[in-house]
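Note that my numbering has the sequence shown beginning at 910, numbered continuously upward. Glycine included, each C-beta is placed from N, C-alpha and C at the ideal position.
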Amino acid sequence: MNVSREQSPPLKWAIIGAGMLGLRLAQRLAQAGQRVTIHEAAPSIGGLAGAWQLGEVTWDKFYHVTLLSDLRLRELLRELDVEQEMRWVETKTGFYTDGKLHSLSNGVEFLRFPPLGLVSKFRLGATILRGSKIRDGLPLESILVGDWLRKWSGKKTFEKIWEPLLLAKLGESYRRTSAAFIWATIARMYRARQSGLKKEMFGYLPGGYARVLERFTRMLTSAGVDIRTGSPVDGIQSIADGVQVSSQGTSDEFDRVVFTTPSAHIVKACDGLPPSQRAKHEGIEYLGVACASVLLKKPLAKYYVTNITDRPCPFTAVIEMTALVSPAELGGKHLVYLPRYAAADDVIWSQSDAEIQEQFISALERIYPKFTRSDVLAFQVARAKQVMALPTLNYTSQLPNFATGVRNVWAINSAHITKGTLNVNEVLELADHAFQTELLPQLSAASERSSANPTRYVAAAR
């Protein structure tokens, strides 16, 4: 994206949150010649794309994968001069149902899939095909996901396949979720397959997101962006033509402020939020994720993702990262993610790592007979309580605007993703859209005001 630099003195911008959304907005503003400060509460940047140490291995806290169709993410990787290093791998998909593990990676395996009869398989395939052909998911926001799937797949297929998967991903919240959720999921899954070959081709960057974030940090700091980690924003207040941002007993003045944090933080930090906007932010229902990273001596199976329909199971699916990432990247070890998506009242938020480990490892023993506890080299749990905004009925019409109603303050977060699932590519798309439609016009407006009143901007540029 080419962003022309404005001729007026730069505005001072504060970006609240250093996840990929905040970093991308900071990048675009810096490219437009603006002065940008990022406030991040955590000790490091990246948010859900952050990395950590697991035993002797450094890799992503939460699982990520790049699709060939993730054009916005690949554009960023080119800007960071690492896209040419991407490794693309054909992956396989597993399905654990009725106490057995099945491969479900191609058409032949789908036809042989024992849990469903021929008619049910046809209806399941037709549902996925239909979902992939829908270009606008907005009309589906008025239909419950369960109703839509029952209509197209039939009651048996819904009860055997779809409902267990919905329960695993959304819990009982699925009963309030619109069909736009499954449309977005199918659309991304379908894009993972190359046209013609129909193979799942997933990509990763050697070094994982730790390398992406290191390069991103270098790019931003060289452009003059001030990144402040360990700097939680406690509150903001409009003053004169700007905004006062408070963090740990200190305050700074900015011309403009952009929140990229979850809505609960926006409501708490932004006292002057108009009642209508406050209600919309408070009305967003989030699911969180507790994601265990398990470092193993040997692989579990050959599948990148294994979907699980047998309940109860303490995790949503098995993501075997080293079915994609070369074990050589991880010192010859094998990395598995076990995510559990959970509502705010789920018991998992009060459980210790040791309690979660016992439940998760016991489940792995049931699913993989050759797996033993002695295979585990490290086990850690990453927690994020507000990750995915639940796409309830008529979700888009109930979303808060980017503009908060507080002068010079915007709120742009992942809840505004309405045409896809939560992933890095969609986050970058959201950032670029918000920059073009909301933030870039501010620069033009500031330029006009500086021409009318140049002395106000002399001080701002110092």
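| query | result |
| --- | --- |
| CA-to-CA distance, Gly928 to Pro1363, given in whole angstroms | Reliability of the predicted coordinates at Pro1363 is poor, the pLDDT of 45 falling under 50, and the value obtained from them is presented with this limitation in mind. So the alpha carbons of these two residues sit roughly 35 Å apart. |
| Presumed contact (8 Å Cβ cut-off) between Ala1251 and Ala1199, rounded CB distance | 6 Å |
| Beta carbon of Gly1151 nearer than 8 Å to that of Phe1168 | no |
| For Ser1062, the first and last residue of its enclosing beta strand (DSSP E) | Where Ser1062 is concerned, there is no enclosing beta strand (DSSP E), although the alpha helix (DSSP H) it sits in stretches over 1054 to 1062. |
| Residues near Phe1288 by beta carbon distance below 6 Å, same chain, minus five either side | Val1203, Gln1266 |
| Paired residues, beta bridge with Arg1249 - DSSP | Ala1199 |
| Supposed contact pair Trp1057 and Leu1047 - C-beta distance, whole angstroms, cut 8 Å | Rounded, the Cβ-Cβ distance is 14 Å, inconsistent with contact. |
| 8 Å contact criterion, which Val1296 and Tyr1195 should meet: CB distance rounded | 7 Å |
| Proximal residues to Leu986 (C-beta, below 6 Å), its chain only, five neighbours per side dropped | Glu992 |
| According to DSSP, residues forming a beta bridge with Gly926 | Partner(s): none; Gly926 has no beta bridge. |
| Selection from Trp922, His948, Glu949, Ser953 that minimises the alpha carbon distance to Leu938 | Trp922 |
| The region 948 to 960 contacting the region 1113 to 1125, beta-carbon criterion three pairs below 8 Å | yes |
| Separation of Gly1181 from Val1315, as counted between CA atoms | 6 Å |
| Neighbourhood of Pro1309 by C-beta distance below 7 Å, restricted to the same chain and skipping five residues each side | Gln1186, Lys1189, His1190, Ala1320 |
| Cut-off 8 Å between Cβ atoms - residues of its own chain near Asp990, not counting five sequence neighbours on either side | Arg1124 |
| Runs of alpha helix (DSSP H) lying entirely within the region 1003 to 1053, each at least 4 residues, in chain order | 1016 to 1021, 1027 to 1042 |
| Coarse secondary structure for Thr1243, derived from DSSP in three states | The question names Thr, yet the displayed sequence has His at residue 1243. Residue state, collapsed to three classes: strand. |
| Distance between beta carbons of Leu1247 and Phe1224, contact taken as under 8 Å | 4 Å |
| Touch test, the region 1272 to 1290 against the region 1129 to 1149, Cβ-Cβ under 8 Å, three pairs minimum | no |
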